[in-house]
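Participant: If you're matching positions, the sequence shown starts at 21 in the working numbering and goes up one per residue.
Glycine is no exception: its CB is placed at the ideal position from the N, C-alpha and C atoms.
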Amino acid sequence: MASLKEVRTRITSVKSTRQITSAMKMVSASKLRKAQNAIEKLRYYAGHLKDILSDLNNTFPLLQNHELTIRKEGEKALLLICSSNKGLCGPYNTHILKKATSCINWLEEQKYKISLYIIGKKAHDFFKKREFEIIHYDQEINEKVSFESAVQVANHLKNKFVEDDFTRIDTVYNSFKNVVVQQPVFETILPFDVLKDVEKDAKKNDFDMEEHRKHILEPTPEDIVTDIIPKVIDIEVFRILLDSYASEQGARMTAMHKATENASELIKDLTLTYNKVRQATITRELVEIVAGAEALR
21 MASLKEVRTR ITSVKSTRQI TSAMKMVSAS KLRKAQNAIE KLRYYAGHLK DILSDLNNTF
81 PLLQNHELTI RKEGEKALLL ICSSNKGLCG PYNTHILKKA TSCINWLEEQ KYKISLYIIG
141 KKAHDFFKKR EFEIIHYDQE INEKVSFESA VQVANHLKNK FVEDDFTRID TVYNSFKNVV
201 VQQPVFETIL PFDVLKDVEK DAKKNDFDME EHRKHILEPT PEDIVTDIIP KVIDIEVFRI
261 LLDSYASEQG ARMTAMHKAT ENASELIKDL TLTYNKVRQA TITRELVEIV AGAEALR
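#1: In the segment 270 to 299, which residue ranges form an unbroken alpha helix (DSSP H) of at least 4 residues, counting only runs that do not cross its ends?
#2: DSSP puts residue 199 in a beta bridge; with which residues?
#3: Per DSSP, what are the beta-bridge partners of residue 96 in this structure?
#4: Starting from residue 176, trace the alpha helix (DSSP H) both ways and give me its first and last residue.
#5: Using the rule of at least 16 other Cβ atoms within 10 Å of the residue's Cβ for burial, across every protein chain shown, is residue 242 buried or exposed?
#6: Do the CB positions of residue 206 and residue 191 come within less than 9 Å of each other?
#7: Using a Cβ-Cβ cutoff of less than 8 Å, which residues in the same chain neighbour residue 274 once the five nearest sequence positions on both sides are dropped?
#8: Give the range of the alpha helix (DSSP H) segment to which residue 145 is assigned.
#9: Going by Cα to Cα distance, which pick from 239, 44, 293 is closest to residue 106?
#10: Give the range of the beta strand (DSSP E) segment to which residue 156 is assigned.
#11: Going by DSSP, name the residue or residues bridged to residue 388.
#12: I think residue 116 touches residue 135, with their Cβ atoms under 8 Å apart; what is that distance to the nearest whole Å?
#13: Do you know offhand how far residue 15's Cα is from residue 302's?
#14: Pull up the distance between the alpha-carbon of residue 120 and that of residue 101, whole angstroms please.
#15: Apart from the five residues just before and just after residue 31, which ones in its own chain have a Cβ nearer than 7 Å to its Cβ?
#16: How would you label residue 256, buried or exposed, when you count the other beta carbons within 10 angstroms and need 16 or more for buried?
#17: Any heavy atom of the ligand GTP within a distance shorter than 8 Å of the CB on residue 172?
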């Protein structure tokens with residue numbers, strides 16, 4: 021049985037750990053609240069962009085001839101992987117790495133030559149040991165997600181698609197559902213599928229497509245197409261980064277909440293053990309005193 025000193029030392033250690041996990045939980049909760057507010061506002065804005073795409077429904081040939089919507093022949097694929105820089109966030113990174121590995125295997129079966137665009141230290145450390153070409157790595161963007169940083173990433177991806185002849189650009193990230201649930205997702209960023217996105221958004225939000233077609237467009241549809249497709253890509257990348265960031269904070273908050281609860285339970289068990297050891301020590305000393313007194317008689 022452990023001594024009183026050992027049990028006291030362990031109780032002190034677990035209490036210190038509980039203070040750390042509790043503090044990390046509060047920090048993640050604060051960051052998550054801000055990220056959730058940002059996502060809600062972004063989805064509202066993105067919904068209006070999809071409204072405009074619905075207005076352009078009768079000019080789909082224009083949309084489909086945009087350089088970011090053209091499906092090209094080739095075998096070059098670029099995969100954007102979003103992970104975290106730090107651990108202590110439960111299975112967040114494990115799910116991302118498993119999903120990314122599965123998607124890479126699928127792309128390889130389709131005869132694609134794969135390059136990686138990695139955001140986050142955990143994914144970089146995992147894939148740098150393997151024989152994949154990492155064309156870009158960034159571990160600062162996901163520490164504080166902003167629209168400016170998302171536009172930089174989006175512009176980089178658009179340039180890779182247009183100038184470097186990548187056939188497709190996909191992404192793997194954790195989609196934020198709620199504090200407990202973060203779902204790993206595989207999506208295609210480029211080429212941008214206008215028909216799929218507009219039809220899906222119309223069905224999801226119960227849009228009246230005929231009513232939207234009555235809108236007057238200024239300037240010309242051609243000018244709007246030129247501006248709106250890159251803007252939609254920027255918003256999509258921003259949404260992906262925000263989703264990933266919110267998922268990380270949600271996963272870390274949940275993990276730290278469970279760690280705090282486990283520490284509290286462990287402290288209760290250790291306190292009970294301490295009291296048992298203390299009582300046993302007192303009983304033993306009393307027995308020794310009584311036995312000594314009896315011997316002196």
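Facilitator: Reading it off the structure:
#1: Counting only runs of 4 or more, we get nothing.
#2: Residue 199 pairs with nothing; no bridge assigned.
#3: In the DSSP output, where bridge partners are listed per residue, residue 96 has 133.
#4: Element bounds for residue 176: 167 to 183.
#5: The residue in question, residue 242, is exposed, as its Cβ has fewer than 16 Cβ neighbours within 10 Å.
#6: Going by C-beta atoms, residue 206 is nearer than 9 Å to residue 191.
#7: So the list reads 110, 199, 200, once near-sequence residues are dropped.
#8: Taken as a continuous stretch (DSSP letters only), the alpha helix (DSSP H) holding residue 145 covers 141 to 147.
#9: Considering only 239, 44, 293, the residue with the shortest C-alpha distance to residue 106 is 44.
#10: Taken as a continuous stretch (DSSP letters only), the beta strand (DSSP E) holding residue 156 covers 153 to 158.
#11: The chain is shown from 21 up to 317; residue 388 falls before or after that span and cannot be answered.
#12: Between residue 116 and residue 135 a beta carbon distance of about 18 Å is seen, past the 8 Å cut, so the two are scored as non-contacting.
#13: The question about residue 15 has no answer here: the residues shown for the chain are numbered 21 through 317.
#14: The C-alpha of residue 101 is placed about 7 Å away from the C-alpha of residue 120.
#15: Closer than 7 Å at Cβ, skipping near neighbours: 287, 290, 291, 294.
#16: Under this definition residue 256 is a buried residue.
#17: Absence of the ligand GTP is noted for the structure shown, with no ligands found whatsoever.
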